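Student: The C-terminal residue of the sequence shown carries number 1169 in my numbering, and the numbering is unbroken.
Beta carbons are placed, not taken as given, at the ideal position from N, Cα and C, and that holds for glycine.
All figures in this text were calculated on a predicted structure; none of them were measured in a lab.
Below are the structure tokens for one structure; questions will follow.
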Amino acid sequence: MECNVVLQGGHGGIWLDENAGGKFRGNVVEDSGSNAYRCGTTTANEWRLAERNTNTAPAALTESLAEWADEKLRAPGGNKKVVLVQNPDSSTAERGVAMATQCSELLGLDPARSCMVVARFLGDAGQFEDAEDLIKRTRGFLDDSGPFQMGTAARRQQWGDMSLHCAELLNKWAASSSEYSKDLMTRAAEYARDAAGVFASIQPQDASTVDSFASSLYWCALNFATLCRLGGGGQWTAEAACEAAVEAVEVAHRMVSETTPPHRIAELLFVQGVLGFCRAQSIAAGHLPDQVMDSGQTLQKELLIDSLRLFETAYQHWCEAYGERSLQTVKAITMIGVLQKELNGEEAGLEWNRKELRIREELQGEVHPRTQQARRTFTSMIDSKLSKQTGQSSSAEVSSADVAHYLEENKEFEDADMGLRKPDTLSALASPKSKNSPEYIRWGKVSLYCAELLNKWAASSNEYSKDIMIRAAEHSVNAVEVFSNQMTENQEYATKYCSGLYWMGLNFATLCRLGGGGKWTTQQAYDIANSSLSDCERLRQSSPDETRAEVIFAQGVLCFCKAEAVIAGYLRSTKMDKEQLVERKFMQALQLFEQANQLWTAVYGEKHLETVKAITMIGTLLHRLQGAQAGMEWFRKELKIREELQGEMHPRTQQARRMFTSLLDAKLQAERKDQADCNAGGAQRTTSGDSAASDTQMPTDDAKPAHGS
């Protein structure tokens, strides 16, 4: 018996076929979001229908497929079967409806049930509008039984299921938006109330009905609490919404018994915490009255403190039951971050927000609406922290302070410290008159460090500054001059001479890319960079792999910068067509960066500040040559490594985050545009040839690669 099941959605899919590709999580394979997959293989496979895994597969979907598979296994004469439930071609307007139709036909479910299964899947994938469209169709099926003759109890059960799914779906939709919508939360609250009423009325009540009733109370409390926080909506005032939430919590408390497992109690603790938090927020907004308690604190403050305690307890229970990387646990992590920020300041909440973002990226993917919301929150906190640290200073003042701080860490530069606190004084360092004095050697060392620091300063900015790169180039010239005269003295000076040539090559390559500057034309900058790197390569022929990799990397930067200069019109091609020269130089650069990456990885491993330079540039070249999607995985890798090694606050990490976020935003905008075009005129799009592909092609971003750092 072989059965492979695939459910493919617009923002990712659940793969239950070992040969389908994607990323394995136990027995579940989760697609990254592309439409490339294989299904229908006839090789001998074991039975691979996934067990329930709440981290990767929507529970309702997995349970439905498991029930269906069990039925097929028990059926007489059961045979090999491959089932594919997929979003049809992107030109189809009602993709979710088509999925439900396939689900109904292949899984043998009635239309209402198939719509709810697919709606649950689409909701978990963040496709809320498609999911709600299916739910609206479910209402139509339940109003008219159609070909299926159902008794009143069965129809009431399905109506309760539909209302419960709606209560959850609309809550998640609102939570994934930039701001909560009163309209969404009003409907979510009323759906939860309807579901609770339905399941309370079903007699006799079996275990399944009781569980559905408990879930209804959970969403009833959450949704009415949120509606209270928003000041009410529809027929509900803030006070009435608060009372409805409190009532739902009280009924849920009465259902708890000695046999209730801790992770189910955690759900009740979590919803109590949400209720307390929402009441406090409603008080702060003036929707509910505040009062001074016996403790001397305000009611609002006590509610916040109690909510944090409840969230922390729920977090502990869920960690024990599911582990930290679970979609249940991450809810508590989110709210602990919110309360820590509210009570103890942004710094206290930052670590929890960081943890939430990492878990959501892993479990839900970067493009999921909840991940985007977590990223917006985390980025906002990082920006706020940076603003406070710099005291609202200009970017130039911040960067000069970073330069000075770096030099302070090198004790031999104490006498240069004060003179390097402002950017304009960096270029004022004059050469000592005597070339045999200790001051001359110290000046060479200062120049060498400044050549590196100014390069990194420019690389960490939104755009390269020609002024900074001119001074970086000048410092590298000074360093090479000093140590070329001293390299015969000892090995230390010979090493610094090679380092000077390395930074001279990088800085003049970047200056070539910018069209020259100061006393150097574009061609002169290129010639100096080329000559410097040739000398550096000659001197390092017998050096270790990690040292030779530096030269290879710098040569790749020079090829890249020459191509960029040709594109900008700073250099002209005399021997071949401009486009051919650019592509050739890009390809040469990519090969050099890949070679440097292999050498550095072999010596240092992937998570190293040398290796990550090559990773950055490989992503940049793949972006240029093959499009943004090809480079995205490398940019994602760069960001994760820089966050781990340099921290979120480091300028290079911020630059990497800006780059990766711009690609994600472009991808999301392209997908939304494509979906809007599909909905506006699917039939017309099918006649436009390859135009659909151009809609989803991400534009080349304007962010420059930070190749120097």
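(1) Which residue comes first and which comes last in the alpha helix (DSSP H) that contains Val752?
(2) Buried or exposed: which applies to Met841, given that a residue is buried once 16 or more other Cβ atoms fall within 10 Å of its Cβ?
(3) For the stretch 1025 to 1075, which segments carrying the beta strand (DSSP E) assignment without a break, of at least 3 residues, lie completely within its bounds, in sequence order?
(4) Does DSSP put Thr981 in a helix, a strand or coil?
(5) Run through DSSP, which three-state label would Gly1087 get?
(6) In whole angstroms, what separates the C-alpha of Asp1125 from that of Gln824?
(7) Taking 7 angstroms as the cut-off, does the CB of Cys972 come closer than this to any heavy atom belonging to the ligand SAH?
(8) If we call anything under 8 angstroms between Cβ atoms a contact, is Leu644 one with Ala652?
(9) Start and end of the alpha helix (DSSP H) containing Lys916?
(10) Just reading off the alpha helix (DSSP H) that Lys815 is part of, what are its end residues?
(11) Please list the terminal residues of the continuous alpha helix (DSSP H) segment that includes Gln741.
(12) Counting C-beta neighbours from all protein chains within 10 Å, is the total for Arg714 16 or more, i.e. buried, or is it exposed?
(13) Let me know if Asn950 comes out buried or exposed under the rule of 16 or more other beta-carbons within 10 Å of its beta-carbon.
(14) Tell me, please, whether the stretch 723 to 737 touches the stretch 782 to 795 by the rule of three or more beta-carbon pairs shorter than 8 angstroms.
(15) Extract the residue ranges of the alpha helix (DSSP H) inside the stretch 770 to 804, only unbroken runs of 4 or more that lie entirely within it.
(16) Going by other Cβ atoms of all chains shown within 10 Å of its Cβ, with 16 needed for buried, is Arg998 buried or exposed?
(17) Answer yes or no: do Cys1021 and Gln1048 have a C-beta to C-beta separation smaller than 8 angstroms?
(18) Ser636 to Ser755, Cα distance in whole Å?
(19) Nearest-angstrom Cα distance between Arg1102 and Ala969?
(20) For the alpha helix (DSSP H) that contains His935, what are its first and last residues?
(21) Please confirm whether Arg1084 and Phe1120 have their CB atoms less than 8 angstroms apart.
(22) Roughly how many angstroms separate the alpha carbons of Ser494 and Thr697, rounded to a whole number?
(23) Once the 5 residues before and after Ala705 are set aside, which same chain residues still bring their CB inside 6 angstroms of it?
(24) Taking only the alpha-carbon atoms, compute the straight-line gap between Lys642 and Glu816 and give it to the nearest angstrom.
(25) Is there contact here, the stretch 930 to 948 with the stretch 961 to 978, by at least three beta-carbon pairs under 8 angstroms?
(26) From the DSSP secondary-structure annotation, give me the bridge partner or partners of Thr758.
(27) Pull up the distance between the alpha-carbon of Val1026 and that of Ile930, whole angstroms please.
(28) Hey, out of Ala700, Trp778 and Cys702, whose CA is closest to Pro721's CA?
(29) Just checking, does the stretch 1027 to 1047 make contact with the stretch 996 to 1011 on the three C-beta pairs under 8 angstroms criterion?
(30) On the criterion of 16 or more Cβ atoms from any shown chain inside 10 Å, does Asp1037 qualify as buried, or is it exposed?
(31) For the putative contact between Asn631 and Ala648, defined by C-beta atoms under 8 angstroms, what is the C-beta separation to the nearest angstrom?
(32) Within a Cβ cutoff of 7 angstroms, which residues of the same chain sit near Lys926, ignoring the five residues on either side of it in sequence?
(33) Out of curiosity, what's the CA-to-CA distance linking Ser844 and Met622?
(34) From Leu1069 to Arg1032, what does the alpha carbon distance come to, in whole angstroms?
(35) The alpha helix (DSSP H) with Thr719 in it runs from where to where?
(36) I need the straight-line Cα distance from Glu762 to Val716, nearest angstrom please.
Tutor: Reading it off the structure:
(1) Along the sequence shown, one-based indexing puts residue 752 at 292. That residue, Val752, is in no alpha helix (DSSP H); it is neither H nor E in DSSP.
(2) By 1-based counting over the sequence shown, the position of residue 841 is 381. Met841 should be labelled buried.
(3) none
(4) The sequence position of residue 981 within the sequence shown is 521, counting from 1. Thr981: coil per DSSP, three-state reduction.
(5) Numbered from its first residue, the sequence shown carries residue 1087 at position 627. Three-state result, Gly1087: coil.
(6) Residue 1125 sits at position 665 when you count from the first residue of the sequence shown. Residue 824 sits at position 364 when you count from the first residue of the sequence shown. Each residue's Cα considered, the two are about 16 angstroms apart.
(7) Of ligands this structure carries none, so the ligand SAH is not represented either.
(8) Translated into the one-based positions of the sequence shown, residue 644 becomes position 184. Translated into the one-based positions of the sequence shown, residue 652 becomes position 192. No, the Cβ-Cβ distance between Leu644 and Ala652 is not below 8 angstroms.
(9) What you label residue 916 is simply residue 456 of the sequence shown in a count that begins at 1. Lys916 -> alpha helix (DSSP H) spans Pro898 to Ala919.
(10) For the purposes of this step, residue 815 is taken as the residue at position 355 of the sequence shown. Where Lys815 is concerned, the enclosing alpha helix (DSSP H) stretches over Glu806 to Gln824.
(11) Translated into the one-based positions of the sequence shown, residue 741 becomes position 281. Taken as a continuous stretch (DSSP letters only), the alpha helix (DSSP H) holding Gln741 covers Pro722 to Ala744.
(12) Sequence index remark: in the sequence shown, residue 714 carries index 254 (1-based). Exposed is the call here.
(13) Taking the first residue of the sequence shown as position 1, residue 950 is located at position 490. Exposed, by the Cβ-count rule.
(14) yes
(15) 789 to 804
(16) Translated into the one-based positions of the sequence shown, residue 998 becomes position 538. Arg998 comes out exposed.
(17) Position 561 of the sequence shown holds residue 1021. Position 588 of the sequence shown holds residue 1048. No, Cβ-Cβ distance for Cys1021 and Gln1048 is not below 8 angstroms.
(18) Counted from its first residue, the sequence shown places residue 636 at position 176. Counted from its first residue, the sequence shown places residue 755 at position 295. Roughly 37 angstroms separates the two Cα atoms.
(19) One-based indexing of the sequence shown puts residue 1102 at position 642. One-based indexing of the sequence shown puts residue 969 at position 509. Roughly 24 angstroms separates the two Cα atoms.
(20) Numbered from its first residue, the sequence shown carries residue 935 at position 475. Note, His935: alpha helix (DSSP H), Lys926 to Ser944.
(21) Locating residue 1084 in the sequence shown gives position 624, counting from the first residue. Locating residue 1120 in the sequence shown gives position 660, counting from the first residue. Result no, Cβ atoms of Arg1084 and Phe1120 do not sit closer than 8 angstroms.
(22) For the purposes of this step, residue 494 is taken as the residue at position 34 of the sequence shown. For the purposes of this step, residue 697 is taken as the residue at position 237 of the sequence shown. The predicted model places Ser494 with a pLDDT of 29, which falls under 50 and marks its position as unreliable; any figure quoted below should be read in that light. Each residue's alpha carbon lies about 45 angstroms from the other.
(23) Indexing the sequence shown from 1 puts residue 705 at position 245. Closer than 6 angstroms at the Cβ level, and outside the excluded window around Ala705, lie Ala681, Phe684, Ala685 and Leu735.
(24) What you label residue 642 is simply residue 182 of the sequence shown in a count that begins at 1. What you label residue 816 is simply residue 356 of the sequence shown in a count that begins at 1. Each residue's alpha carbon lies about 25 angstroms from the other.
(25) yes
(26) Numbered from its first residue, the sequence shown carries residue 758 at position 298. Answer is Val752, bridged to Thr758.
(27) Position 566 of the sequence shown, counting from 1, holds the residue named residue 1026. Position 470 of the sequence shown, counting from 1, holds the residue named residue 930. So the two alpha carbons sit approximately 20 angstroms from each other.
(28) Position 261 of the sequence shown, counted from the first residue, corresponds to residue 721. Ranking Ala700, Trp778 and Cys702 by Cα distance to Pro721 puts Trp778 first.
(29) no
(30) What you label residue 1037 is simply residue 577 of the sequence shown in a count that begins at 1. Exposed, since its Cβ has fewer than 16 Cβ neighbours within 10 Å.
(31) To locate residue 631, count along the sequence shown from 1; it is residue 171. To locate residue 648, count along the sequence shown from 1; it is residue 188. Their Cβ separation, rounded to whole angstroms, is 5 angstroms, which keeps Asn631 and Ala648 in contact under 8 angstroms.
(32) Position 466 of the sequence shown, counted from the first residue, corresponds to residue 926. Same-chain partners within the cutoff: Leu974 and Gly977.
(33) One-based indexing of the sequence shown puts residue 844 at position 384. One-based indexing of the sequence shown puts residue 622 at position 162. Taking the straight line from one Cα to the other gives about 42 angstroms.
(34) As a first step, residue 1069 is located in the sequence shown; it is residue number 609 there, counting from the start. As a first step, residue 1032 is located in the sequence shown; it is residue number 572 there, counting from the start. The straight-line gap from Cα to Cα measures roughly 35 angstroms.
(35) Against the sequence shown, residue 719 aligns to sequence position 259. First-last for Thr719: undefined, no H or E at that position.
(36) The count along the sequence shown starts at 1 and reaches residue 762 at position 302. The count along the sequence shown starts at 1 and reaches residue 716 at position 256. So the two alpha carbons sit approximately 25 angstroms from each other.
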